[in-house]
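K.L.:
Here you go, one structure.
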Amino acid sequence: MKDKFSILTGITPSGTGEIHIGNYFGTVVSFLELQDKAERIHFFMADLHGLTTVQDKKQMQQNVETQILSYLACGLDPEKTIFYRQSDIPQHTELQSILNNVTPLGLIKRCHAYKDKLQKGLDKDKVNMGLFSYPVLMAADILLYDPDYVPVGEDQRQHIEVTRDIAERFNHIYGKTFKLPEIYNVKATAKIVGTDGKRKMSKSLGNYISVLADEKIVKKQIMGCYTDPKRKHATDPGKVEGNPVFVYHDLINEDKKEVEELKKRYREGKVGDVEVKERLFKAFMKRFKTERERYQQLKAEPEKVKEILRTGSEKARQQAIKKMVLVRERIGVSNKYSFYKYE
Ligand code: ATP
Ligand code: MG
Numbered sequence: 005m006k007d008k009f010s011i012l013t014g015i016t017p018s019g020t021g022e023i024h025i026g027n028y029f030g031t032v033v034s035f036l037e038l039q040d041k042a043e044r045i046h047f048f049m050a051d052l053h054g055l056t057t058v059q060d061k062k063q064m065q066q067n068v069e070t071q072i073l074s075y076l077a078c079g080l081d082p083e084k085t086i087f088y089r090q091s092d093i094p095q096h097t098e099l100q101s102i103l104n105n106v107t108p109l110g111l112i113k114r115c116h117a118y119k120d121k122l123q124k125g126l127d128k129d130k131v132n133m134g135l136f137s138y139p140v141l142m143a144a145d146i147l148l149y150d151p152d153y154v155p156v157g158e159d160q161r162q163h164i165e166v167t168r169d170i171a172e173r174f175n176h177i178y179g180k181t182f183k184l185p186e187i188y189n190v191k192a193t194a195k196i197v198g199t200d201g202k203r204k205m206s207k208s209l210g211n212y213i214s215v216l217a218d219e220k221i222v223k224k225q226i227m228g229c230y231t232d233p234k235r236k237h238a239t240d241p242g243k244v245e246g247n248p249v250f251v252y253h254d255l256i257n258e259d260k261k262e263v264e265e266l267k268k269r270y271r272e273g274k275v276g277d278v279e280v281k282e283r284l285f286k287a288f289m290k291r292f293k294t295e296r297e298r299y300q301q302l303k304a305e306p307e308k309v310k311e312i313l314r315t316g317s318e319k320a321r322q323q324a325i326k327k328m329v330l331v332r333e334r335i336g337v338s339n340k341y342s343f344y345k346y347e
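Numbering (our numbering) for the sequence shown: 5 to 347.
In structure tokens, the structure reads:
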């Protein structure tokens, strides 16, 4: 790995746009580390990708807003990160349209996103083209900016391979134009269990604790959390290992002494679930105090948020236009009558 490197990463505003503690400890924390390490980092909201599943205007607007505010609140620093919305940079879709022509159908048919839908029983003629060609838009998202690395989880590895394939084909036909991105191996963090105690925490399963939701909602999420199913009374000895309430205490509660004490009392049947949860709630409010305050401040200042995005998209757009000037030149759509230029 190089000393100085550039990174590009994105998020899709599907679900509700909220960040839950699984997302936070699973990805946000490592993004914040990368933000400090990378020489240049692009972080974009893939709202156009979101259209493959979110087709309700209000929901789209709401998800995008929540997600933008959430990332900024959790520490995305616009001084360090080029932060923008995909739909603010028309070059993403322009490049996708050009890349379509060097992308074999077979390559895309082998992609998980599409294959998964078929496996779930969806008729292949009903899969929308947005979902089908998702990997081509993703290739465009990346190739516009020549990042060294794209941090992805296991499920997205294949799409990066596709991006490299598409870039190679283009470079082969038209001469070197795009840098082939490498996968940045995100440390595989163990999936955090959901409040149902059974499956991984996930927005679509509704078994989550939201980092930035209203206090009342968070309280409800925490108090409704599954604990040790075998324990009927506070005086029964309880199991701590794998018990979601203690998994979260370990992650969130900075008072380690309190956590050890609670665990001990729980094992001995000397503390009730309610107290353990109430202490978790308190620890949660303390741990995320800054983020939660920042969220409210940002929400109250839409002009400021808009300005952050404007600055980010201007930086990104300059780079995107520069790349498109080269692409247009390479494919032969520019000639002496052209006036598309980099300004
Ligand atoms: P959905 O239910 O819509 O799939 P989600 O809650 O699973 O939403 P994603 O948007 O799929 O969240 O994931 C965003 C990021 O958070 C991904 O990088 C994913 O690996 C990580 N992540 C999601 N859930 C967890 C979890 N329970 N533990 C650790 N990391 C998680
Ligand atoms: Mg998921």
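C-beta: ideal position from N, C-alpha, C; glycine also.
None of these values were measured; they are calculated from a predicted model.
The beta strand (DSSP E) with N189 in it runs from where to where?
P.N.:
Segment E186 to N189, the beta strand (DSSP E) holding N189.
K.L.:
Grab the span of the alpha helix (DSSP H) containing F35 for me, first residue to last.
P.N.:
It spans V33 to K41 - the alpha helix (DSSP H) in which F35 sits, taken as one unbroken run.
K.L.:
DSSP beta-bridge partners for L12?
P.N.:
Answer by DSSP bridge pairing, in chain order: H46.
K.L.:
Cα-Cα, which of P151, N175 and V32 is closest to L80?
P.N.:
Answer by Cα proximity: V32.
K.L.:
Is the CB-CB distance between Y212 and L12 below 8 Å?
P.N.:
It is not a contact, given that the beta carbons lie outside the stated cut-off.
K.L.:
Considering Cα atoms alone, identify which of N67, I86, Q66 and I15 is closest to R314.
P.N.:
With distances taken between Cα atoms, R314 lies closest to I86.
K.L.:
Should V337 go down as buried or exposed, given a rule of 16 or more other Cβ atoms within 10 Å for buried?
P.N.:
Looking at its Cβ environment, which holds fewer than 16 other Cβ atoms inside 10 Å, V337 is exposed.
K.L.:
Using alpha carbons as the reference points, say which of F9, P17 and K8 lies closest to S208.
P.N.:
Of the listed residues, the one whose Cα sits closest to S208 is P17.
K.L.:
Using 7 Å as the cut-off, classify the Cβ of I196 as near or not near the heavy atoms of the ligand ATP, replying yes or no.
P.N.:
Yes, the ligand ATP has a heavy atom inside 7 Å of this Cβ.
K.L.:
Measuring straight from C-alpha to C-alpha, what distance separates L76 and Y299?
P.N.:
Those two C-alpha atoms are separated by around 8 Å.
K.L.:
Could you check whether the Cβ of S317 sits closer than 7 Å to any heavy atom belonging to the ligand MG?
P.N.:
No, the Cβ of S317 stays beyond 7 Å of every heavy atom of the ligand MG.
K.L.:
Which of helix, strand or coil does DSSP assign to H237?
P.N.:
Three-state result, H237: coil.
K.L.:
Quick one: is the Cβ of G21 within less than 7 Å of any heavy atom of the ligand ATP?
P.N.:
Flag unset: Cβ of G21 not near the ligand ATP.
K.L.:
Using DSSP's beta-bridge definition, name the partner residues of H24.
P.N.:
Partner(s): S214.
K.L.:
Taking the alpha helix (DSSP H) that V331 falls in, what are its first and last residues?
P.N.:
First-last of the alpha helix (DSSP H) with V331: P306 to I335.
K.L.:
Let me know if Y153 comes out buried or exposed under the rule of 16 or more other beta-carbons within 10 Å of its beta-carbon.
P.N.:
Buried is the call here.
K.L.:
Give me the residue from V331, R321 and K327 with the minimum Cα distance to I93.
P.N.:
Minimum Cα distance to I93 is reached at R321.
K.L.:
For the segment 272-282 against the segment 45-65, do three or more pairs of beta-carbon atoms, one drawn from each stretch, fall closer than 8 Å, so that the two count as touching?
P.N.:
Touching, no.
K.L.:
Exposed or buried, which one is K345 when buried takes at least 16 other CB atoms within 10 Å?
P.N.:
Exposed, because fewer than 16 other Cβ atoms sit within 10 Å of the Cβ of K345.
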